[in-house]
Amino acid sequence: MQASELFWEVPLNDLMKGIAYREEEEAYLCLVCGEKFEPGIVYPYEGVLYEASRFAQVHVSEAHGSMFDYLMGLDKKLTGLTELQKRLLKMFHDGLSDNEIVKEMEGGSTSTIRNHRFALREKMKQAKVFLALMELASDRTSKAQRLITPHKTATMVDERYAVTEQERETILRIYFKEGPDGPLSEIPRKEKRKLVVLRQLAKRFADNKKYTEKEVNALLKERHPDFATLRRYLIEYGFMDREPNGSLYWIKQ
Numbered sequence: 002m003q004a005s006e007l008f009w010e011v012p013l014n015d016l017m018k019g020i021a022y023r024e025e026e027e028a029y030l031c032l033v034c035g036e037k038f039e040p041g042i043v044y045p046y047e048g049v050l051y052e053a054s055r056f057a058q059v060h061v062s063e064a065h066g067s068m069f070d071y072l073m074g075l076d077k078k079l080t081g082l083t084e085l086q087k088r089l090l091k092m093f094h095d096g097l098s099d100n101e102i103v104k105e106m107e108g109g110s111t112s113t114i115r116n117h118r119f120a121l122r123e124k125m126k127q128a129k130v131f132l133a134l135m136e137l138a139s140d141r142t143s144k145a146q147r148l149i150t151p152h153k154t155a156t157m158v159d160e161r162y163a164v165t166e167q168e169r170e171t172i173l174r175i176y177f178k179e180g181p182d183g184p185l186s187e188i189p190r191k192e193k194r195k196l197v198v199l200r201q202l203a204k205r206f207a208d209n210k211k212y213t214e215k216e217v218n219a220l221l222k223e224r225h226p227d228f229a230t231l232r233r234y235l236i237e238y239g240f241m242d243r244e245p246n247g248s249l250y251w252i253k254q
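Put into structure tokens, the structure is as follows:
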């Protein structure tokens, strides 16, 4: 499971507390970028030595800022917020009064700001009810029938991502006949199958590492002869990014 997927499994209370790392069997994993910190290793930072679990907290804070800032920086397709709503939420978070917000906005009135506060609070109440309903429904849904979470950097989230865990396993068996780490028998034409296959191929690349085009080609060629098409799809569907001149490639976080 990739770090971007793990992030969506973090309990809401942990997110609100700023906890964005998880203890794995052999390391503490940052759920935002995927960086790992191994127990037994001492991590120096600004003249202080940290053990792994404590340094994971330092890393999240220094690399990604506050959880509020990180969540605010997510794409609209994930937050559901307009730019105006995000701007207002930032000012609410900073503790500005309605009068101060009117000055910052260079227009409007305090009654308008109060209406925005009310509308966002109603949105929050609806979200709480929706989360409770989804949790209750999920409890009755078998693991095989649960939908997989779209990768966080998807260029467009639509019905192509309506794939259950069971469907994903079936697709992987069809196209990776020697196992998920083996060669790809063919490049799927159907979008759902293509996304499942691309997601599996993306796991061949390490997080937080940059690859030359030659290195990308070599890794993909191990899976299928048409490495150029696979490389293009990984970029097109938001799994990878690259320098404008194509000199370096990396997994998007």
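For the sequence shown, our numbering assigns the number 2 to the initial residue and increments by one for each residue that follows. Backbone N, C-alpha and C define an ideal beta-carbon position, used for all residues, glycine too.
Item to complete: Please name the residue, chosen from Gly247, Tyr71 and Met92, that lies closest to Val217 on a Cα-to-Cα basis.
Response: The residue you call residue 217 lines up with position 216 of the sequence shown. Selected option, being the one with the closest Cα: Gly247.
Discussion item. Which of the three DSSP states is assigned to Tyr46 in this structure?
Written reply: For the purposes of this step, residue 46 is identified with residue 45 of the sequence shown, where counting begins at 1. Reduced to three states, the DSSP call for Tyr46 is strand.
Discussion item. Based on DSSP bridge pairs, tell me the residues matched to Asp242.
Written reply: Working through the sequence shown from its first residue, we reach residue 242 at position 241. The partner list for Asp242 (beta bridge, DSSP) reads Trp251.
Worksheet item: By Cβ distance below 8 Å, which residues in the same chain neighbour Thr83 in space, the five residues on each side in sequence not counted?
Response: Against the sequence shown, residue 83 aligns to sequence position 82. Excluding residues within five positions, the ones whose Cβ falls inside 8 Å are Lys77.
Fill in: Pairwise C-alpha distance: Ala57 and Glu47
The residue given as residue 47 occupies position 46 in the sequence shown. The residue given as residue 57 occupies position 56 in the sequence shown. Cα to Cα, the separation comes out at about 15 Å.
Discussion item. Contact defined as beta carbons within less than 8 Å: I believe Asp99 pairs with Ile114. What is the distance between those atoms, to the nearest angstrom?
Written reply: Taking the first residue of the sequence shown as position 1, residue 99 is located at position 98. Taking the first residue of the sequence shown as position 1, residue 114 is located at position 113. Correct: roughly 4 Å between the Cβ atoms.
Item to complete: Measure the beta-carbon distance from Leu202 to Leu221 and round it to whole angstroms, keeping in mind my assumption that it falls under 8 Å.
Response: Looking up residue 202 in the sequence shown gives position 201. Looking up residue 221 in the sequence shown gives position 220. Yes, Leu202 and Leu221 are in contact; Cβ-Cβ is about 7 Å, under 8 Å.
Practice prompt. Indicate, with yes or no, if the ligand NAD has a heavy atom lying under 8 Å from the CB of Gly108.
Written response: This structure does not include the ligand NAD; it has no bound ligands of any sort.
Worksheet item: If you check the beta carbons only, do Lys44 and Val59 fall under 9 Å apart?
Response: Taking the first residue of the sequence shown as position 1, residue 44 is located at position 43. Taking the first residue of the sequence shown as position 1, residue 59 is located at position 58. Note on identity: in this sequence residue 44 is Tyr, with Lys being the wrong assignment. For Tyr44 and Val59, yes; Cβs fall inside 9 Å.
Discussion item. Which of the three DSSP states is assigned to Arg190 in this structure?
Written reply: Numbered from its first residue, the sequence shown carries residue 190 at position 189. Here Arg190 sits in coil by DSSP.
Fill in: Residue interval of the beta strand (DSSP E) (run including Glu24)
Position 23 of the sequence shown holds residue 24. DSSP places Glu24 in the uninterrupted beta strand (DSSP E) bounded by Tyr22 to Glu24.
Fill in: Spatial distance of Pro226 from Glu168 (CA atoms)
Locating residue 226 in the sequence shown gives position 225, counting from the first residue. Locating residue 168 in the sequence shown gives position 167, counting from the first residue. Their backbone Cα atoms lie some 26 Å apart in a straight line.
Worksheet entry | Of the listed residues Leu231, Pro40 and Glu179, nearest to Pro189 (C-alpha basis) | The residue given as residue 189 occupies position 188 in the sequence shown. Closest by alpha carbon: Leu231.
Worksheet item: Does DSSP classify Leu30 as helix, strand or coil?
Response: Here the question's residue 30 lines up with position 29 in the sequence shown. In the structure shown, Leu30 sits in a strand (DSSP, three-state: E or B).
Discussion item. Going by C-alpha to C-alpha distance, which of Leu137, Glu63, Gly35 and Trp251 sits closest to Lys210?
Written reply: The residue given as residue 210 occupies position 209 in the sequence shown. The option with the nearest alpha carbon to Lys210 is Trp251.
Worksheet item: By DSSP, does Thr230 sit in helix, in strand, or in coil?
Response: Start at 1 with the first residue of the sequence shown, and residue 230 comes out as number 229. It is helical.
Discussion item. Closest to Glu223 by C-alpha separation, out of Arg23, Pro181, Glu101 and Leu121, would be which residue?
Written reply: Numbered from 1 along the sequence shown, position 222 holds the residue referred to as residue 223. Residue Pro181 holds the alpha-carbon nearest to the alpha-carbon of Glu223 among Arg23, Pro181, Glu101 and Leu121.
Worksheet entry | Proximity below 9 Å, CB of Leu16 to CB of Leu79 | Translated into the one-based positions of the sequence shown, residue 16 becomes position 15. Translated into the one-based positions of the sequence shown, residue 79 becomes position 78. Not in contact: Leu16 and Leu79 (Cβ atoms no closer than 9 Å).
Worksheet item: Using DSSP with H/G/I as helix, E/B as strand and the rest coil, what is Lys37?
Response: As a position in the sequence shown, residue 37 is number 36, starting the count at 1. Strand at Lys37.
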